[in-house]
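FYI, the numbering for the sequence shown is 51 to 496, going by the numbering used here.
A short worksheet on the structure shown next.
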Amino acid sequence: MVDHGRAEKLRRALERVWTRTDELFGLLAPGALAAQPIALRQPFIFYMGHLPAFAWNQVCRGVLGWPSFDPALDDLFARGIDPMEADGFRPPPPDAWPSEDRVIAYRDRVRDALRDASEELLARAPTDGDVLVQNARIASVALEHELMHHETFLYMLQQLPPELKVRPPSLPPLEHDGAAAPRTVEVPAGEVRLGADFETLPFGWDNEFGRAEVKVQGFQIDATPVRNRDFLEFVDEGGYTRRELWGEADWAWRERHGIRHPAVWRTEGRGFMQQTLFEDVPLDRAGDWPVFVSWAEASAFCRWRGSRLPTEAEWHRAAYGTPGGAVRSYPWGDNPPEAHRGNFGLRRWSPTPAGRFPEGASAWGVLDLVGNGWEWTATPFGPLPGFTPYIRTYPGYSTDFFDGRHYVLRGASWATDETLIRRSFRNWFQPHYPYVFAKFRCVRNR
Ligand SMILES: [Fe+2]
51 MVDHGRAEKL RRALERVWTR TDELFGLLAP GALAAQPIAL RQPFIFYMGH
101 LPAFAWNQVC RGVLGWPSFD PALDDLFARG IDPMEADGFR PPPPDAWPSE
151 DRVIAYRDRV RDALRDASEE LLARAPTDGD VLVQNARIAS VALEHELMHH
201 ETFLYMLQQL PPELKVRPPS LPPLEHDGAA APRTVEVPAG EVRLGADFET
251 LPFGWDNEFG RAEVKVQGFQ IDATPVRNRD FLEFVDEGGY TRRELWGEAD
301 WAWRERHGIR HPAVWRTEGR GFMQQTLFED VPLDRAGDWP VFVSWAEASA
351 FCRWRGSRLP TEAEWHRAAY GTPGGAVRSY PWGDNPPEAH RGNFGLRRWS
401 PTPAGRFPEG ASAWGVLDLV GNGWEWTATP FGPLPGFTPY IRTYPGYSTD
451 FFDGRHYVLR GASWATDETL IRRSFRNWFQ PHYPYVFAKF RCVRNR
């Protein structure tokens, strides 16, 4: 028997995500669908087809076994790629993609199918032995995948020239006030448990499950993320030219591309401008915002400061640990994410000054851990003990990246939906990818 309340809730969640997807694509000016603003990513038209194709391939074809109505598009749009370098990566030429009308018709037909599919999944869930049917987990795979791509879309949009985007008539105002003064917080030694138990979450990705118990030594951590103004000092003091501050592969990457400042800063006259979605802002106005850089640049900055990036376990302890030993669901406690806790959920379309949300502080007084930018950690992305790639329709979701060449990010950015904010959620990127809304903070041994 289908629980109509749950079916309705699931359908509402899907409709909400699709509405946002359509709003985001509405920010592209005519002709921009073929644009490919980041060499390591596909053109926008790919993502317009990829979101429905992924959902179809996972839910309708993969788990429910429905016959395909357009196998060519299911296949063409099946999977994005994440090359380490742009050399040799060539997406199909613009005329190789189907027309926008065809992609939209495909998208709409998939959405209709998913409305029926969510009903069927919930009807089967109580008696079906398939974990992907139970809790309609496979619908969450499609839903969360689409939410994650909203961030991909937004950081691609940020790289697009102004004539290829449509500035909405009203935008949330950029915020420049309310930063917290930088300080260092002592976190005492303690035990961290990474990973969730499968039964305790209605849905989680494969890499969230398993169990790692890690003893963490006491450490000092920045209470707020590194700001643009801090990073400017590093740039001004020659941080990009001092070989000893950089790892070997990181230095080679910096040399190869002639990198001299963060990718989201633009040089203008003698100063810098910080990119946002629809305008560039003089860096001194964005001085209190966290700096968004690659892992390589974050690591070099930390070395310059005589510090290092936190490990995933240290980050976890700073975020969720407490002096009494209890573990919180969120840095601020157990209440769900709300607007006054941090800059997430696309309420704003830009970063906010570092530490501007005191009510989001962790038990140790560390600010901005969840929201305002993902946070780089020193930990290579890998499986937790007990890891199982249980999403059989997508076995490579995590395992394709267990290669020692990707690093874990935790927390959330301003563009991260609340659905993705949970203690076990892990994000990852390669160390030389500078476009993500990713910030960092430094730690030191005690
Ligand atoms: Fe994808």
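Cβ atoms here follow ideal geometry from the backbone N, Cα and C, with glycine treated the same way.
Proximity test, residue i beta-carbon vs ligand 1 heavy atom, cut-off 7 Å
{"i": "residue 130", "result": "yes"}
{"i": "residue 104", "result": "yes"}
{"i": "residue 307", "result": "no"}
{"i": "residue 199", "result": "yes"}
{"i": "residue 195", "result": "yes"}
{"i": "residue 100", "result": "yes"}
Segment limits, beta strand (DSSP E) that includes residue i
{"i": "residue 265", "result": "262-266"}
{"i": "residue 95", "result": "Per DSSP, residue 95 belongs to no beta strand (DSSP E); it is in the alpha helix (DSSP H), 94-105."}
{"i": "residue 278", "result": "Run containing residue 278: none in the beta strand (DSSP E); it sits in the alpha helix (DSSP H), 278-286."}
{"i": "residue 82", "result": "Element bounds for residue 82: n/a, residue is neither H nor E."}
{"i": "residue 269", "result": "269-272"}
{"i": "residue 425", "result": "423-430"}
Backbone secondary structure at residue i - three-state DSSP
{"i": "residue 484", "result": "coil"}
{"i": "residue 326", "result": "coil"}
{"i": "residue 418", "result": "coil"}
{"i": "residue 191", "result": "helix"}
{"i": "residue 257", "result": "helix"}
{"i": "residue 410", "result": "helix"}
{"i": "residue 347", "result": "helix"}
{"i": "residue 404", "result": "coil"}
{"i": "residue 205", "result": "helix"}
{"i": "residue 331", "result": "strand"}
{"i": "residue 89", "result": "coil"}
{"i": "residue 318", "result": "strand"}
{"i": "residue 112", "result": "helix"}
{"i": "residue 251", "result": "coil"}
{"i": "residue 336", "result": "coil"}
{"i": "residue 313", "result": "coil"}
{"i": "residue 398", "result": "coil"}
{"i": "residue 389", "result": "helix"}
Contacting residues, own chain, Cβ-Cβ under 7 Å from residue i (five flanking each side not counted)
{"i": "residue 444", "result": "108, 191"}
{"i": "residue 475", "result": "258"}
{"i": "residue 120", "result": "156"}
{"i": "residue 118", "result": "111, 124"}
{"i": "residue 9", "result": "In the structure displayed, the chain extends from 51 to 496; residue 9 sits before or after that span and is not available."}
{"i": "residue 88", "result": "206, 209, 485"}
{"i": "residue 253", "result": "185, 187, 190"}
Terminal residues of the alpha helix (DSSP H) in which residue i lies
{"i": "residue 69", "result": "54-75"}
{"i": "residue 306", "result": "298-307"}
{"i": "residue 367", "result": "362-370"}
{"i": "residue 124", "result": "121-126"}
Sequence-distant residues of its chain with Cβ nearer than 8 Å to residue i (five each side left out)
{"i": "residue 81", "result": "214"}
{"i": "residue 289", "result": "295, 350, 351, 354"}
Close-in-space but distant-in-sequence residues of the same chain around residue i (CB under 6 Å, 5 per side omitted)
{"i": "residue 400", "result": "224, 326"}
{"i": "residue 439", "result": "256, 445, 449"}
{"i": "residue 232", "result": "274"}
{"i": "residue 314", "result": "325, 342"}
{"i": "residue 463", "result": "423, 424, 487"}
Which runs of the beta strand (DSSP E) spanning at least 3 residues fall entirely within the segment 138-188, listed in chain order? none
At what residue ranges does the segment 436-492 contain a whole run of the beta strand (DSSP E), taking only runs of 3 or more? 457-462, 477-479
Give, in chain order, every unbroken run of the beta strand (DSSP E) that is at least 3 residues long and sits entirely within the segment 214-240. 234-237
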